[in-house]
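Peer 1:
Protein chains: 2
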Amino acid sequence: MQDDRNAFATGRRTLMKGAAAGAMLFAPGAALAQSGDMAAIRKAVETGHDASVARIQDWIRNPSIAAEDLNMDQGADYMARLARDAGFQHVEKVPTDGHPGVFATLDAGAKRWMGIYFMYDVKQFDPAEWSSPPLEARILDKPDWGKVIMGRGAVNQKGPEATFLAALHAIRAAGRKLPVNLVLVAEGEEEIGSPHFSQIVQRPNVFAALKKCEGVIIPAGWQAKNGAVSINLGAKGLIEVELVSSGEKWGRGPLKDIHSSQKAHVDSPVWRLVQALQTLVSADGNTPAIDGLFEHVRPLTAREKALIAENARENSEADAMKALGVKHWVNDEPWQQSLERLASQPTVNIEGLVAGYTGPGGKTILPARAVAKLDLRMVPNMTAEDTLAKLKAHLAKRGFGDVEVNMSGGYDPTETAEDSRVIRAQQAVYTRAGVPHSLYPRSAGSWPGVVFTGAPLSLPAGQFGLGHGSGAHAPDEYYVIESSNPKVEGLDGATMGYVDFLYQIASIT
Amino acid sequence: MQDDRNAFATGRRTLMKGAAAGAMLFAPGAALAQSGDMAAIRKAVETGHDASVARIQDWIRNPSIAAEDLNMDQGADYMARLARDAGFQHVEKVPTDGHPGVFATLDAGAKRWMGIYFMYDVKQFDPAEWSSPPLEARILDKPDWGKVIMGRGAVNQKGPEATFLAALHAIRAAGRKLPVNLVLVAEGEEEIGSPHFSQIVQRPNVFAALKKCEGVIIPAGWQAKNGAVSINLGAKGLIEVELVSSGEKWGRGPLKDIHSSQKAHVDSPVWRLVQALQTLVSADGNTPAIDGLFEHVRPLTAREKALIAENARENSEADAMKALGVKHWVNDEPWQQSLERLASQPTVNIEGLVAGYTGPGGKTILPARAVAKLDLRMVPNMTAEDTLAKLKAHLAKRGFGDVEVNMSGGYDPTETAEDSRVIRAQQAVYTRAGVPHSLYPRSAGSWPGVVFTGAPLSLPAGQFGLGHGSGAHAPDEYYVIESSNPKVEGLDGATMGYVDFLYQIASIT
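So the protein lines, in turn, are chains W and A.
When the letters of the first sequence are read in order and numbered with my numbering, they come out as residues 25 to 533.
When the letters of the second sequence are read in order and numbered with my numbering, they come out as residues 25 to 533.
#1: Near Ser269 (chain A), which residues of its chain fall below 6 Å by C-beta distance, leaving aside the five closest residues on each side in sequence?
#2: Name the chain W residues whose beta carbon is nearer than 8 Å to that of Leu279 (chain A)?
#3: Compare the C-beta of Ala518 (chain W) against all C-beta atoms of chain A and say whether one is closer than 8 Å.
#4: Identify the contact partners of Trp154 (chain A) in chain W, using a Cβ-Cβ distance below 7 Å as the criterion.
#5: Which residues does DSSP list as the beta-bridge partners of Gly349 (chain W)?
#6: Under the rule that 16 or more other beta-carbon atoms within 10 Å means buried, what is Gly133 (chain A), buried or exposed?
#7: Should the segment 382-401 of chain W be regarded as contacting the segment 257-264 of chain W, the criterion being three or more beta carbon pairs within less than 8 Å?
#8: Would Gly261 (chain A) pass as an interface residue toward chain W - the criterion being a Cβ-Cβ separation below 8 Å?
#9: Does DSSP put Ser76 (chain W) in a helix, in a strand, or in coil?
#10: Within 10 angstroms of the Cβ of Gly549 (chain W), are there 16 or more other Cβ atoms? Answer buried if so, exposed if not.
#11: Does the Cβ of Gly139 (chain A) have 16 or more other Cβ atoms within 10 Å, making it buried, or fewer, making it exposed?
#12: Return no unless some Cβ of chain W is closer than 8 Å to the Cβ of Ala282 (chain A).
#13: Comparing C-alpha positions only, which one of A:Lys351, A:Ser306, A:Leu301 sits nearest to Ala307 (chain W)?
#14: Would you mind sorting Thr325 (chain A) into buried or exposed? The rule is 16 or more other CB atoms within 10 Å of its CB.
#15: Can you list, in chain order, the residues of its chain whose CB lies under 8 Å from that of Glu70 (chain W), leaving out five sequence neighbours each side?
#16: Provide the residue(s) that pair with Glu341 (chain W) in DSSP beta bridges, ordered along the chain.
#17: Which one of A:Val253, A:Arg85, A:Thr371, A:Asn335 has the shortest CA to CA distance from Gln487 (chain A)?
#18: What are the residues that DSSP puts in a beta bridge with Ala396 (chain A)?
#19: Out of A:Ser531, A:Leu419, A:Thr438, A:Glu215, which one is the CA nearest neighbour of Met96 (chain A)?
#20: With a threshold of 8 Å, are at least 3 pairs of Cβ atoms found where one atom belongs to the segment 230-240 of chain A and the other to the segment 479-486 of chain A?
#21: For His123 (chain A), which of helix, strand or coil comes out of DSSP?
#22: For the putative contact between Val354 (chain W) and Ile314 (chain W), defined by C-beta atoms under 8 Å, what is the C-beta separation to the nearest angstrom?
#23: For the segment 297-314 of chain W, which residues have a beta carbon sitting closer than 7 Å to at least one beta carbon of chain A?
#24: For the segment 186-232 of chain A, list the beta strand (DSSP E) runs that are entirely contained and at least 3 residues long, ordered along the chain.
#25: Three Cβ pairs or more, each shorter than 8 Å: is that satisfied between the segment 73-91 of chain W and the segment 173-187 of chain W?
#26: Which of the three DSSP states, helix, strand or coil, is assigned to Thr129 (chain W)?
#27: Cα-Cα, which of A:Ile374, A:Leu267, A:Asn256 is closest to Leu328 (chain A)?
#28: Please report the Cβ distance between Asn205 (chain A) and Trp137 (chain A), rounded to the nearest whole angstrom; I am assuming they are in contact, meaning their Cβ atoms lie under 8 Å.
#29: Express the C-alpha separation of Lys182 (chain A) and Ile80 (chain A) in angstroms, rounding to a whole number.
#30: Does DSSP put Tyr144 (chain A) in a helix, in a strand, or in coil?
#31: Restricting to Cα atoms, I'd like to know which of A:Val209, A:Arg365, A:Arg108 is closest to Val118 (chain A).
#32: When you compare the CB positions of Leu490 (chain A) and Val446 (chain A), do they come within less than 8 Å of one another, or not?
#33: CB-CB under 6 Å to Pro472 (chain W), same chain, minus the five flanking residues each way: which ones, in chain order?
#34: Could you tell me which chain W residues have their CB closer than 8 Å to the CB of Val179 (chain A), listed as they occur along the chain?
#35: With DSSP as the reference, label Ala259 (chain A) as helix, strand or coil.
#36: With 8 Å set as the bound, which would you pick, yes or no: does the beta-carbon of Lys249 (chain W) sit closer than that to a beta-carbon of chain A?
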């Protein structure tokens, strides 16, 4: 679910002006362990370019999809091999009650440790919707962006993750030692809501290793056309649930689909689902109406409002609307207010509805079962557990206790302090590289960062990366390899971004 | 949609006692043109048995499915050939704005004319759900019933229709003249709600031919285990509509699916559909709440109530519940009241819901479009046109004018007088054959009989037939060829039923 978190970087003008040119990133900086290191590493990055491209392509060609139980064990093995190849000395496949994860450490004898979060799974796809076969990872020319790899997982997250690994390969190839030690934790269930990720992190050896870290990043590639990136200080939490109404559980209506003429004297589980659903939101569908859902909602702070106001000023509302294909925000609210809502409000969304006959035309049946796929997003200080309990209680109180609420995955909101080293190191890299960047209080998208930022680990955690890709969860997902836009880094520039980040983390006060 | 109309014949005890044995049907009766005719025809039926079975099988192997635009032109040609082979002298393919129909006449020089309605299309099917391939029309042993043909269309309606044709073949093979002249009208769009059938009937030559008829029957094979059949004096009307909510029509929400994190400030066409839907029915989903929908509903007459009371007494509520897989009727009403509701109340049913992601697990999208497939059933004196207009007005009045209401097909309710020759001839055949039979005021299922019973034709019309099959619209649809149940006719007995019916129509006063 690592997409769309930087939607409002689109069209952003420079917020914090760094050095003027991207080339600055490759000049020796204060963070470098030794003068000259950066040039040598840059050379190794260039030498390793073809191998790095091949690494992304091969990974895309070996998909793991948790929702379809596709190649999960193989995917974990593949992930473990990638870690070993990149120099991790200890690499361990970690079993869970679901699909396995991978835990790896690279002890470079450095003073500080840094955590890295990877997902090795990708979202489902339908090849018929793609202009290039999603598992072929073809290299194509994409107007405005340059040469891209197109394939499922290209930007979400194999491309950025492999770019991070390319940085490790390059540092080693250049004969340098890593400036920080690394802890890698990878899961294969991100796209189904990370239901077992905390099991990985809670393993004593994994927990002990992470506890030493300055924080955790997940590699990302979200530069906008003007080169800008957002640094998210947190993300909403998420639960995904299926609401299932059935004649079987209800004790009314049919046990299997029957002829629709019987509706006159037989109850309908589909109507029941519709009636249960409509109690969950306001009449306009925009405000959650689940009893007590706002109980723990923490209002935006003055600082958060100020950051949003800055983003609203610096980003084009028209561009955002165009990108989303919308003409109005809810309640016809103005841009800044809609961004405050985006960051601060919990949501109840219907991802999908499935009941009865779904093919072309009609079929005169009274379905025995109806399903609504929902996602609920949470802000601090809501929790997944409490939100699920409130949803169930709300339905039960209205007599819908038979409507099953099956949670498939989810996690609490995540937050990271603005003054943490992980955030300040990101700002330093972007500033040195001349990349326009801004702080954003909370991404409306979700990722399981709370596993790191929440108790007992309580580490800073967030996305970081240069480069660009798009189309997560959608057809024609891509990741830029050679950028035709001087403001946006290609694979090698993005690789150097990770190199610089590791040196920044090592040295920042 | 020719299924489930005899659901309450299941378990019926003899209502009207006829002659004790089914064999009576094959004894010379008052209706016969000449003594000895029946025996000769019976012999021809037996001689032609294998050819009759092959005729059903071959027709099933050549499916036409209007919803999928599958073999429609070929299906009409096939239908035309069947008519020619059965002795119709004039056979004509009739174009419509949709798929073609077939019009045929057989002038035997008799005094009276009888209309026959055929459908050559079948319902969609999923071979994966069948225990026997749905287009192979295999002959299998079915416990309790005997040898059956299993395949799509076996009972709905190719089996019964081909049985009627077998009667014509047998009469000719026996060297007899048909006792009545025939008008055949066939359509290929019954399963999509007969949207163009009235165009066929309104053609001047078709209309003129039908106008001469005593009435119209559609062949059916719905004998229950005890041999019983219902004679329906009418059927509810039906409209099938798709309600479509989309960002495009609404002018709010997205134009294409977007990431669900945007729900906080983007309107959802899916929630809009849910909110629009829930206004259409009472909170329990059972009573239509469309403004003015009951305006033209005609209450049951005393005679209709009496017929239902008789049916309620003579039929097993437990068997009906078991067949439908339900434990309660709506509002926990008692059996008789629920049957009155079934015959007398209009309904709004959801056949299917489709929005966003419908596969396994979840997908964090905010869908741009949501569709509900509805069927609305109507009782006299409601009309399809008025019901559609009321549905649209109801939505518009509540601000849902952007929710598209796309009607795919439908027709008004149909009614036939109890004292018409078509009904009395049926009663005579069943009585002579010792088949328990009862009158039922109105089937809750629907068929386009109103094209015949309504103005300007105003003919009696209904289903007729002996024999048995089941599974219309469902997997493993079948039609009995050789009955192992002495109370239920096989193919030859059902064929003789049509023979007798034609003689009854010719002679009844």
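A virtual CB, placed ideally from N, CA and C, is assigned to each residue, including glycine.
Peer 2: Inspection of the coordinates gives the following:
#1: Pro293, Arg296, Leu297, Ala394, Val427
#2: Gly349, Val350
#3: no
#4: Chain W residues near Trp154 (chain A): none, gap ~15 Å exceeds 7 Å.
#5: Gly349 (chain W) pairs with nothing; no bridge assigned.
#6: exposed
#7: yes
#8: no
#9: helix
#10: This structure cannot speak to residue 549 (chain W), because chain W is shown only from 25 to 533.
#11: buried
#12: Inspection of the sequence shows that residue 282 (chain A) is occupied by Ile rather than by Ala. Yes - at least one Cβ of chain W is within 8 Å of the one on Ile282 (chain A).
#13: A:Leu301
#14: exposed
#15: Asp516
#16: Glu341 (chain W) is not bridged to any residue.
#17: A:Val253
#18: A:Leu267, A:Leu377
#19: A:Glu215
#20: yes
#21: coil
#22: Not really, about 18 Å apart at Cβ, beyond 8 Å.
#23: Val298, Gln299, Leu301, Gln302, Val305, Ala307, Gly309, Asn310
#24: 205-211
#25: yes
#26: strand
#27: Note on identity: in this sequence residue 328 (chain A) is Glu, with Leu being the wrong assignment. Residue A:Asn256 is the option with its Cα nearest to Glu328 (chain A).
#28: 5 Å
#29: 7 Å
#30: coil
#31: A:Val209
#32: no
#33: Ser218, Phe221, Tyr435
#34: Those do not exist, as Val179 (chain A) stays about 13 Å from chain W at its closest Cβ, beyond 8 Å.
#35: strand
#36: no
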